[in-house]
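See structure below.
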Amino acid sequence: MSTTGKVIKCKAAVLWELKKPFTIEEVEVAPPKAHEVRIKVVASGICRSDDHAVSGSLAVPLPVVLGHEAAGIVESVGEGVTTVKPGDKVIPLFVPQCEKCTVCKHPEGNLCLKNDLLKCQGTMQDGSCRLTYKGKTVYSFLGISTFSQYTVVDENAVAKIDAAAPLEKVCLIGCGFSTGYGSAVKTAKVKPGSTCAVFGLGGVGLSVIMGCKVAGAARIIGIDINKDKFAKAKEAGATECISPQDFQKPIEEVLKEMSGGGVDFSFEVIGRLDTMMAALMCCQESFGVSVIVGVPPGSETLPVSPILLLTGRTWKGAVFGGFKSKDSVPKLVTDFMAKKFSLDPLITHILPFEKINEGFELLRSGKSIRTILTF
Ligand code: CND
Ligand code: ZN
Ligand code: ZN
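The sequence shown: position 117 = 159 (the numbering used here), numbered continuously.
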């Protein structure tokens with residue numbers, strides 16, 4: 043029996059309170075309105091940004107259904123939708139691409155003004171929500187809420203992908219892989235023969251390393267306090283790995299010595315202010331480029347000496363690796379299918395969706411890179 047046009051009752055992981063476990067609830071998912079798409083989620087990765095929302099360091103309205111790194115199949119579409127149809131394999135986009143705003147029209151910009159990342163209102167683009175629990179509003183996360191068997195997204199926040207793509211792998215193209223890889227190849231524009239330093243060897247950090255390698259970096263130095271991450275980092279392309287805890291002096295000094303005066307490119311892929319400073323300071327003072335990838339606690343700021351930039355360093359950052367989402371995601375999936383990169387080094391655990399709390403514990407304890415939840 044077709045579900046088109048009807049409310050779907052299904053399971054979703056609801057976060058009712060900060061710092062508490064998710065509970066699996068039966069929620070109602072409204073049909074898509076005009077220019078919206080309802081998706082049957084097939085796989086969703088767990089990214090640290092989801093955990094930042096659980097801890098409160100990324101402020102979101104509650105109750106909420108989190109999740110922003112997924113792949114699924116279109117169940118039905120609202121009026122006027124032309125770019126996807128029921129049955130299409132798709133990846134929801136936590137940064138939309140409306141094609142109409144000043145950012146979308148700019149050749150380099152990717153943070154479409156329709157995004158919900160900066161305000162975190164927890165709604166669809168029209169200001170309302172499609173998920174409810176016993177009739178009461180459940181907020182959306184970044185417009186896509188993928189920890190649910192079904193979700194509704196705006197048409198500009200979903201990309202059709204290759205029908206042969208394995209969804210339980212390419213879901214990582216929805217965030218972790220693209221964010222890291224793009225930070226290296228697109229935001230930093232890593233050059234052949236260069237030396238790179240990558241702070242934080244989680245799923246996003248490993249993807250930065252893969253990008254540095256593809257761009258032809260000669261040395262890729264991985265930095266993490268958890269040495270269990272070193273083996274995977276080397277598998278992804280790191281040439282050496284170090285822990286700040288093994289040195290008496292600040293890690294930026296260690297990296298300057300290792301690189302003969304400063305690295306060409308550095309990446310902060312943790313989300314801490316102290317490592318953002320260390321990453322900035324370890325890059326060469328005249329031509330070094332430092333990229334912020336990690337999401338810092340929203341309320342915190344850094345005192346920075348402008349001299350650090352006056353000498354010629356470049357300090358930048360990017361969301362979703364600087365990629366224009368709707369244009370780039372299908373191409374990244376095509377590249378994956380052509381074996382231009384592998385997602386296997388990122389996937390350490392696969393769990394049924396109901397075990398979502400176990401998946402978050404694996405992330406918090408440093409035991410996983412990416413856990414993929416299957417629905
Ligand atoms: P994950 O937690 O898997 O990795 C972080 C790594 O940093 C872990 O291996 C830690 O051991 C390590 N670490 C923690 N503290 C330190 C420290 N003081 N010194 C050195 N290493 C340390 O996280 P992830 O890879 O999923 O995400 C990384 C960051 O990227 C995180 O802040 C997340 O919110 C952010 C992000 C950004 C974007 C974007 O669009 N810019 C998208 N998704 C995630
Ligand atoms: Zn993410
Ligand atoms: Zn736009």
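The beta carbon of each residue, even a glycine, is placed where N, CA and C say it ideally should be.
Checking the DSSP bridge columns, you'll see L404 has no partner listed. Taking all protein chains in view, the Cβ of V56 is crowded by 16 or more other Cβ atoms within 10 Å, so the residue is classified as buried. For S97, the enclosing alpha helix (DSSP H) starts and ends at 90-97. Counting C-beta pairs with one atom in each stretch, the region 222-233 and the region 199-206 have fewer than three that are closer than 8 Å, which means they do not touch. Approximately 26 Å separates the beta-carbon atoms of A112 and G177; this is outside 8 Å, ruling out the contact. Looking only at A260, D266, G224, E295, the smallest Cα-Cα distance to S367 is reached by G224.
The alpha-carbon separation between Q191 and F183 amounts to approximately 15 Å. Ranking K131, Y175, V102 by CA distance to the CA of Q163 puts V102 first. Bridge pairing for I66: A55 [DSSP]. For S249, the number of other beta carbons within 10 angstroms of its own is at least 16, and it is reported as buried. Contact annotation: E282 and I267 have beta-carbon atoms that are not nearer than 8 Å. If you ignore the 5 residues before and after E294, its C-beta comes within less than 6 Å of the C-beta of A320, M323, C324, all in its own chain and listed in chain order. Taken atom to atom, the span from the alpha-carbon of E327 to that of S301 is near 12 Å. L344 sits close to L315, with the two beta carbons spaced by under 8 Å. In this structure S86 is in contact with C213, their Cβ atoms being roughly 6 Å apart against a cut-off of 8 Å. Those residues that bring their Cβ nearer than 5 Å to a heavy atom of ligand 2 are C89, S91, C217. Sequence-distant Cβ neighbours of P73 in its own chain, meaning closer than 6 Å and more than five residues away, are G47.
By the Cβ rule, the region 116-124 does not count as touching the region 149-164, because fewer than three pairs are nearer than 8 Å.
Within the DSSP secondary-structure output, F309 pairs in a beta bridge with V240, V333. Between ligand 1 and the CB of I267, the shortest heavy atom gap is smaller than 7 Å.
At a Cβ-Cβ threshold of 8 Å, G169 and F136 do not count as neighbours. Looking only at V79, W58, G218, the smallest Cα-Cα distance to L385 is reached by G218.
At a cut-off of 7 Å, the beta-carbon of P286 counts as near ligand 1: some heavy atom of the ligand is closer than that. Relative to ligand 1, H391 has its C-beta separated by 7 Å or more from all heavy atoms.
Secondary structure remark: continuous beta strand (DSSP E) runs of at least 3 residues inside the region 349-397, in chain order: 356-359, 389-394. Per DSSP, the beta bridge partners of D196 are E78. Between V107 and T390, the alpha-carbon positions lie close to 24 Å from each other.
When secondary structure is reduced to three states using DSSP, L104 falls in the coil class, being assigned neither helix nor strand. Straight-line measurement puts the Cα of F189 at about 8 Å from the Cα of F395. Taking a cut-off of 5 Å from the heavy atoms of ligand 3, the residues with a C-beta inside it are C140, C143, C146, C154. Taken from the Cβ of K271, at least one heavy atom of ligand 1 lies inside 7 Å.
Per DSSP, reduced to three states, the secondary structure at P134 is strand. E59 and D158 have their C-alpha atoms some 20 Å from each other. The beta carbons of M318 and G279 sit no closer together than 8 Å. With a threshold of 16 other beta carbon atoms within 10 Å, E78 meets it and is buried. With 16 or more other Cβ atoms from the protein chains shown falling within 10 Å of its own Cβ, T413 counts as buried.
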